[in-house]
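Protein chains in written order, with this note's numbering: chain S, 25 to 379; chain C, 861 to 1119; chain V, 254 to 575. Reviewing the structure listed below.
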Amino acid sequence: MIGYGRSTLRPYIFSMRRLTPFLAVPAFLLVAILLSIAIGSVFIPPADLGRILAGWLEGAALAEPLKTFAFILLSIRMPRTALVALTGAALGGSGAAYQGLFRNPLADPYLIGVASGAGLGAVLAMSFHWPYSTLGLLAVPAAAFLGALATVFLVYALARVGKTLPTTNLILAGVAFSSFASALTSFLMLRSTGELQQAIAWLLGGATQAGWGPVLTVLPYLAIGLGVLVLSGHALNLLQFGDEQAQQLGLPVARTRTLILLAASLSTAAAVAFSGVIGFIGLIVPHVMRLWFGPDYRRLLPLSILGGAGALLVADVIARSVLAPQELPVGIVTALAGAPFFLWILRRSKNQGYW
Amino acid sequence: MLKIENLSVSYGPRRVLRDVSLEVASGEVLALIGPNGAGKSTLVRAASGVLAPCSGTVRTNGDDLLALPPARRARFLAVVPQALSLPLAFTVWETVLMGRTPYLNFLGQASTGDGAIVRQALERVDALGLAGRRVGELSGGEQQRVLLARALAQSTPILLADEPTAHLDLQHQVHLMETLRTLAHRDHLAVLVALHDLNLAARYADRVALLVAGELRAAGTPRAVLTPAFISEAYGLPVQVVAHPFADVPLVLPDTKED
Amino acid sequence: MSRKLAVALFVLILLAACGPAATPAPTSVPPSPTPSSVPASPTSPSISLTDGLGRSVTLAGPAQRVVSLAPSNTEILYAVGAGAQVVGRDTFSDYPAEAKSLADVGGSMGSYDTEAIVALHPDLVLAGEINTPDLVAALEKLGLTVYYLKNPATLEDMYANLATVGSLTGHAAQAADLVSSLKARVAAVDAAIAPLNSRPTVYYELDATDPTKPYTAGPGTFVDLLIQRAGGTNVGSGLTSAYAQISLEQLVVANPQVIILGDAAYGESAQTVAARAGWSALAAVQSGQIYPFDDNLVSRPGPRLVDGLEALAKLLHPGVLK
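And the structure:
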């Protein structure tokens, strides 16, 4: 963005204010990452954290209890932090993209049924007894991922009219398929009661698999999906004027909307595969970013990605610590904390009523 | 120059435009008039490439506009839509800058040159002072001017406007039409403007085209088209056409008898 | 064209979903054979066994710091005399009472506190069928030794599990003694029941949130097995799944003579059952033979199953057992 020149124009965005979100939000994320690593059910005194860090830098071997603490940090907390951050990033980014794509403030990453498709895939996989092997352990996440993608293609195919992709059709097809998939999922859960608890826990959301494996598996999909979204900021801005005006301004609308839809859905599918269905992050984080930092999607997308990662990390820390050693499903925390927070934000920003 | 040849458009089974042929030369303002439902908006939309016709072509100096990809077409043809359901959170500056899209990369990065063009466009419509305001804070007339500025920022030789005066106050209607006329006469744009106000058409257009039920009934100078015969047949209302008291244009007046 | 493809995909998914639903995964009747215990040669102190997931588990010596992830495993550990070697247990382990004072490592909603488990430095984590293979893999990745004890299908399988846990913790002899005494008690019940002619029909209630469609124990469950062994006939043995729903109509036709309330812990009693609309038609309600029951005695696959057997026998044939 360039400046206006001096005199007559009232400068509306000082360069400091333009810079602020790109300082504030990454700082928030950094704090959230540190919190997530420092807090867990085993209390590690801050002094010990320092000593462990010093030990790592020097390459020295650590004595107990530092050795166990270091192990917990490296093998349990860091991979979990990474997975939660990636999940939150995916939800924030795709939430912002969906809101822009559908021009609807109520849109979230699950609008066209991705969550229900993933849930159906996961519960289907849970109905079978997989052999204890790498493939067997990947069965549920893979099924969830495939279920999510299959949903998107199904909904897309149902909603298409010739070469265009009418928004209303997409939403209707998405809602219809969601209901269908949810009903089928509930039916399956009722029939195979042994896996009922596992299915419920999965549907409520939360990191179930430990270690760096899930992180590395999910990373390429998110790199592609979120990468495409970040580059689609200008296109999303144009789409706010409606498909017709965007086309008249020179945007190849059908192709662009399909690309953004696929990228956002890919990111959501990867997020849901290992972390289940976590609500509110994809809905609220983009809104908060919009209310604080304006409607320009070129900024909104990266900010929502970073903010989503930070917000989910904070929710996960709460989910882990509030009732230790019990762990609340993180989806419950995001719902309980998210809704009132959002209402507070709405009340505060009177003059910025437009989104 | 804009050449519409034998354009036919259907909404499903319903034929909305039948075999319409029109030409707008560079440097002239063509006013498209006709009753509601005649197909004026449809014609503008089809000419701008957002509505696929069942037959016919839209050309400019030899290029088939409908065959071009949207990004290239947007360098030839800009549209001023009605100011309905605009995104309210963007500022005026940001909105007008969108008009530079055909010349920006996909990230939408603008140069100082683009900024200068946006300034010029805003000055043209007398909206430079609004640049920092959010679109949602503006009145209908101001929003319409912003849309015109956006189309101007697109720097195209052809300008289409779809009933831009529809919700404007008198002074804004006049100002907008004067701007369109200057754009044509001074900057040699080809301007096609759909209007519902016959007398605005008479006053500011070089040529007028009358569209009724999807067909072109008449095209020519205002004096030639705005006749009692054509107008009362088109609108189903007896009218009289008199000489404008101080301008050399016709004036259309409804001629209903008092009971 | 793509619309037809979409509809075809819909139908395929529908069929796929009905497939596994039609044959529900039986959790109480594992199809694979009982876990094989291959004790190491007597001279070497290391212990090497194959667990219920088919994994080979090796310990350098008897486990001294055990974390139990299932209430049944906790009960088994204490029963074979390894109670002093248990350092942590899941939230739901409440028997024996000493177990409650151990460190809690989670377990509600299937999520365990891996940090707490790691911090306890266990040399053996005893998992059960209520734990997912995901969890076993995750704990393995953290460098812990995990033994997955598969649910037994018969009392013999349960004795084998006792022996396994005895081997893992260096209490093989004590486990063998326990198994002998349990077998003796079961034989006593068999002997007392054999000459009897009457085999009362029994309805064992698991959940009656909806009294017109309550849940009972179906075939393949220990409840079903123990009721038979205790000289009764389980109303649910003709149903299709382990956790089976039975309608009040079917119950009226079956007309059980005895009602055993496995959900007594959730507030059900003879009075609440008698008050249910339509239940007064049952013989058990009319004769007042409605008994509360500690479901843990028949649902946790450990040594207390024999306690459950004896309790059932006493309810169904009062006075026959000493």
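Note that CB positions come from ideal geometry on N, CA and C, so glycine has one too.
Counting the other CB atoms within 10 Å of its CB gives V/E409 a total below 16, which places it among the exposed residues. When DSSP states are grouped into helix, strand and coil, C/A891 belongs to the strand group. Within the same chain, S868, G1074 and E1075 come within 7 Å of C/R878 by CB-CB distance, once the 5 residues on both sides are set aside. One Cα belongs to C/A1084, the other to C/L903, and the distance between them is close to 22 Å. Residue V/L565 holds the alpha-carbon nearest to the alpha-carbon of V/V455 among V/A380, V/L565 and V/L379. When beta bridges are read from the DSSP output, C/V1102 appears opposite C/L1111. Taking a C-beta distance under 8 Å as the contact criterion, S/P353 and S/L212 do not qualify as a contact pair. Within the segment 349 to 376 of chain V, contact with chain S at the beta-carbon level (separation under 9 Å) is assigned to A356, D357, V358, G359, G360, S361, M362, G363, S364, Y365, D366, T367, E368, A369, V371, A372 and H374.
The C-beta of V/E521 has 16 or more other C-beta atoms within 10 Å across all chains shown, which makes the residue buried.
Judged by DSSP in its simplified three-state form, V/P545 adopts strand. Counting only the Cα atoms, V/E458 lies some 16 Å from V/G531. In the three-state DSSP reduction, V/K567 falls in the helix class (H, G or I). Every alpha helix (DSSP H) of 4 residues or more that sits fully in the segment 469 to 508 of chain V is shown, in chain order, as 475 to 482 and 501 to 507. Less than 8 Å separates the beta-carbon of V/G341 from that of V/L373. V/D387 and S/L161 have their C-alpha atoms roughly 6 Å apart. The beta-carbon distance between S/A287 and S/G257, rounded to whole angstroms, is 12 Å. This is too long to meet the 8 Å contact definition. Chain order gives the chain S residues near C/R905 as E268, where near means a beta carbon separation below 8 Å. Here S/G124 carries a helix assignment [DSSP, helix/strand/coil].
Taking a beta-carbon distance threshold of 8 Å, S/Q123 does not count as an interface residue toward chain C. Remark: C-beta atoms of S/I57 and S/A113 do not approach each other more closely than 8 Å. Annotation for C/L937: S908, L925, T1016, I1018 and L1020 place their beta carbon closer than 7 Å to its own, counting only its chain and skipping 5 residues before and after. Residues of chain C with a Cβ closer than 8 Å to the Cβ of S/D320 are, in chain order, F950 and E954. In the structure shown, the three-state DSSP call for S/A348 is coil. Using a 10 angstroms sphere on the CB of S/S157, the tally of other CB atoms stays under 16, which defines it as exposed. Taking C-beta atoms as the reference points, V/V319 and V/T385 fail to come closer than 8 Å. C/S915 carries a strand assignment under DSSP once its states are collapsed to helix, strand and coil.
The beta carbon of S/L214 is closer than 7 Å to none in its chain, skipping five residues each way along the sequence. Taking 7 Å as the Cβ-Cβ cut-off, the segment 300 to 322 of chain V approaches chain S at L306, G307 and R308, given in chain order. Interface flag for V/P386 against chain S is set, since a Cβ pair is found closer than 8 Å.
Three or more beta-carbon pairs drawn from the segment 977 to 988 of chain C and the segment 945 to 961 of chain C are found closer than 8 Å, and the two stretches are therefore classed as touching.
Look at C/V876 here: in three-state DSSP terms it is strand. Contact check for C/R1067 and C/A1054: beta-carbon distance about 14 Å, past the 8 Å limit, so the pair fails to qualify. Just so you know, the alpha carbons of V/P315 and V/G334 end up roughly 13 Å apart. Counted as a single uninterrupted DSSP element, the stretch harbouring C/V995 is not any beta strand (DSSP E), since DSSP gives it neither H nor E. With the criterion set as a beta carbon lying under 8 Å from some beta carbon of chain S, the members of the segment 960 to 974 of chain C are T961, P962, L964, F966, L967, G968, A970, S971, T972 and D974, in sequence order. Of all residues in the segment 908 to 933 of chain C, only S908, G909, V910, L911, A912, P929, P930, A931, R932 and R933 place a beta-carbon less than 9 Å from a beta-carbon of chain S.
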